[in-house]
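First residue of the sequence shown: 14, per this note's numbering; consecutive thereafter. All residues carry an ideal CB built from backbone N, CA and C; glycine is no exception.
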Amino acid sequence: MANYDLIVIGAGPAGYVAAIKAAQLGKKVACVEKERGGGTCNNWGCIPTKALLKNAELYHTMKHRAAEFGFKIDGLSYDWSAIMKWSRIAPDKGAAGVDFLFKKNKIDSIRGDASLDKAGEVKVKLADGKSETHTAKNILIATGCVSRPLPGLDFNGKTVIGSKEALQLTAQPKSMVIIGAGAIGVEFAYFFNAFGTKVTIVEMLPNLLPVEDTEVSQALEKSFTKQGITVLTNHKTTKTEVSDKGVKITVADAKNVEKVLEAEVVLVAIGIQAVLPGGALKFELVKGFLKTDDRYQTSVPGLFAAGDIIGPPWLAHVASYEAVEAVEGIVDPKFKPKKVGFFPGCTYCQPQVASIGLTERAAKEKGLKFKVGKFPYMALGKARAIGETDGFVKLIVGEPHGEILGAHIIGAEATEMIAELGLAITLEATIDEIEETIHAHPTLSEGVREASEVAAGHAIHI
């Protein structure tokens with residue numbers, strides 16, 4: 014048994030960041046993780062999927078656009094096992110990086126399954142079956158989430174899979190139905206389609222990426238359809254049949270007209286559910302997630318929580334932000350932790366999608382006075398030079414002051430470009446100030462300045 018100032022349960026983007034921050038503030042810290050550092054994001058989410066998406070982008074370009082760039086490629090092929098192996102390299106390095114940072118910051122890393130029977134104590138079941146108990150003045154829970162199954166369609170790891178299993182397929186499926194068109198669903202749709210899997214994506218709401226700006230969602234659907242992905246929005250799943258050879262998914266449209274989709278595999282991407290800590294302690298929940306107060310404390314005094322376990326938005330960068338705020342509050346009673354306000358959302362299919370702040374739809378619902386500045390990639394010299402002319406930058410601009418209420422980008426490198434607009438919102442910059450900032454030419458980020466000019470009513474390049 015050892016006594017700590019803080020024990021963190023979970024070493025994902027919330028947990029390992031919390032542990033490091035607390036150690037930097039001079040606290041004696043331990044972090045309990047049952048698998049390895051980095052959590053779902055590094056090991057089975059953000060990082061390996063981006064590796065696969067890079068593979069898909071390269072293959073799609075070589076197969077469909079080589080001649081456009083002046084290349085002649087005969088006998089193009091790929092090795093599926095090598096592609097999947099590539100997706101493990103970056104996570105392995107990331108996990109090793111977390112271990113290094115723990116050693117650097119003198120954090121005790123405990124590998125095992127944690128449970129909570131009473132406040133101030135963490136019981137850990139180790140890999141060898143033995144158990145040990147550690148005490149701490151404060152405990153922070155960062156156990157994250159896992160994929161949520163569709164009722165009546167349980168994961169079996171072969172024909173019915175979640176995102177984790179999709180990253181471990183030893184053989185490429187010839188056909189796949191994806192239920193759910195959020196970020197996870199559309200990213201996997203792009204990846205598998207790029208390599209020739211027949212993909213059908215089913216979404217019960219009217220658009221792909223339902224939380225995004227409607228124009229962006231519509232543009233993505235147009236692009237996906239052009240790429241050969243079958244998109245069924247406004248469709249709900251009504252019946253499922255699973256066999257060793259594949260699945261039959263019955264879906265119904267808005268008029269309740271049904272159709273049967275057959276595929277080797279169905280990927281369920283309808284959302285996630287919390288991984289609650291085991292043990293006798295009971296916590297107050299909100300829709301299945303840990304309820305926390307304005308200091309990230311749960312209903313049990315001395316036990317705090319951050320990251321996916323406390324509910325949406327379920328994003329790694331949000332989790333890390335919450336972890337730092339929570340730890341600052343634990344260490345300093347006078348510190349007032351902040352909750353997440355504006356945050357960027359990114360989807361890494363091609364074309365990429367990135368956004369921050371209000372959609373045009375939300376601004377209308379709030380009754381705000383605003384104007385829109387929209388600039389197409391086609392009018393950007395860099396986009397034409399690299400052959401990536403699909404997409405646009407769209408700004409929702411408040412009136413009369415010209416502040417950025419929301420920003421939405423679909424197109425090449427959208428996920429890199431959104432950071433400028435996040436900074437603009439944080440600093441309460443106006444479109445006048447964005448215009449006054451010289452953007453290098455030729456770059457895709459010029460689209461941000463150009464969209465500001467459109468909103469101001471004096472666009473030069475369109």
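Anyone know if the C-beta pair for residue i and residue j falls short of 8 Å?
i      : j      : result
Ser144 : Gly291 : no
Ile444 : Gly415 : yes
Val199 : Ile214 : yes
Leu434 : Ile343 : no
Val264 : Lys258 : no
Gly28  : Ile20  : no
Asn68  : Trp99  : yes
Ala336 : Gly315 : no
Phe168 : Leu65  : no
Ala155 : Val135 : no
Val406 : Ala468 : no
Gly107 : Asn55  : yes
Ala453 : Ile417 : no
Gly460 : Leu393 : yes
Thr250 : Ile262 : yes
Val111 : Val173 : no
Ile323 : Phe355 : no
Gln37  : Asn118 : yes
Asp226 : Arg101 : no
Phe237 : Ala202 : yes
Met189 : Val278 : yes
Name the one or two DSSP bridge partners that residue i has.
i      : result
Asn151 : Leu19
Val366 : Thr360, Ile423
Arg302 : First, the amino acid is wrong: residue 302 is Phe here, not Arg. DSSP lists Val299 as partners of Phe302.
Thr456 : DSSP lists no partner for Thr456.
Ala287 : Cys158
Glu48  : Looking at the DSSP assignment, Glu48 forms no beta bridge with any residue, so it has no partner.
Leu139 : Gly125
Glu416 : Thr443
Leu163 : Leu166
Val281 : Ile192
Glu134 : Thr148
Would you verify that the beta carbon of residue i is, or is not, closer than 8 Å to some beta carbon of chain C?
i     : result
His77 : Within the model displayed, chain C is absent; a lone protein chain is all it includes.
May I ask which residues mark the beginning and end of the beta strand (DSSP E) holding residue i?
i      : result
Glu275 : 271-276
Ile409 : 405-411
Ser465 : Where Ser465 is concerned, there is no enclosing beta strand (DSSP E), although the alpha helix (DSSP H) it sits in stretches over 459-469.
Ile214 : 211-215
Val159 : 158-160
Gly125 : 121-128
Val30  : Here Val30 belongs to no beta strand (DSSP E); instead the alpha helix (DSSP H) covers 28-37.
Thr450 : Thr450 -> no beta strand (DSSP E), and no H or E assigned at all.
Leu245 : 243-245
Lys347 : Neither: Lys347 is in no beta strand (DSSP E) and is coded neither H nor E.
Leu393 : From DSSP, Leu393 is part of no beta strand (DSSP E); its letter is neither H nor E.
Just verifying my parser: in three-state terms, what is the DSSP assignment at residue i?
i      : result
Glu234 : helix
Val10  : Given a span of 14 to 475 for the chain in the structure shown, any question on residue 10 remains unanswerable.
Arg101 : helix
Asp321 : helix
Gly193 : coil
Lys379 : coil
Phe388 : strand
Phe204 : helix
Ile399 : coil
Val173 : strand
Ser333 : helix
Ser256 : coil
Thr62  : helix
Glu441 : coil
Ile475 : coil
Ile431 : helix
Leu71  : helix
Val199 : helix
Thr146 : strand
Trp265 : Correcting the residue type first, residue 265 is Ala in the shown sequence and not Trp. Three-state DSSP puts Ala265 in a strand.
Ala43  : strand
Thr227 : helix
Lys249 : strand
Leu114 : helix
Leu221 : coil
Can you tell me where the alpha helix (DSSP H) holding residue i begins and where it ends?
i     : result
Leu89 : Counting along the chain, Leu89 falls outside any alpha helix (DSSP H), and DSSP gives it neither H nor E.
Counting Cβ pairs, one atom from each stretch, are 3 or more of them under 8 Å apart for the segment 176-193 and the segment 30-50?
-> In short, these stretches do not touch, since the Cβ pair count stays below three.
Please determine if the segment 420-437 and the segment 344-363 are in contact, where contact requires at least 3 C-beta pairs separated by less than 8 Å.
-> Contact holds between the segment 420-437 and the segment 344-363, because three or more Cβ pairs, one in each stretch, are under 8 Å apart.
Three or more C-beta pairs below 8 Å linking the segment 375-395 and the segment 464-475 | Counting C-beta pairs closer than 8 Å gives three or more between the segment 375-395 and the segment 464-475, which meets the contact rule.
Are there three or more Cβ pairs, one per stretch, closer than 8 Å when the segment 181-193 is compared with the segment 215-222?
-> The segment 181-193 vs the segment 215-222: in contact.
Does the segment 68-85 come close enough to the segment 158-174 that 3 or more CB-CB pairs lie under 8 Å?
-> Contact between the segment 158-174 and the segment 68-85 is absent, because fewer than three Cβ pairs lie under 8 Å.
Count the CB pairs spanning the segment 36-45 and the segment 116-130 that are closer than 8 Å, and state whether there are at least three.
-> Because the criterion of three Cβ pairs below 8 Å is met, the segment 36-45 and the segment 116-130 touch.
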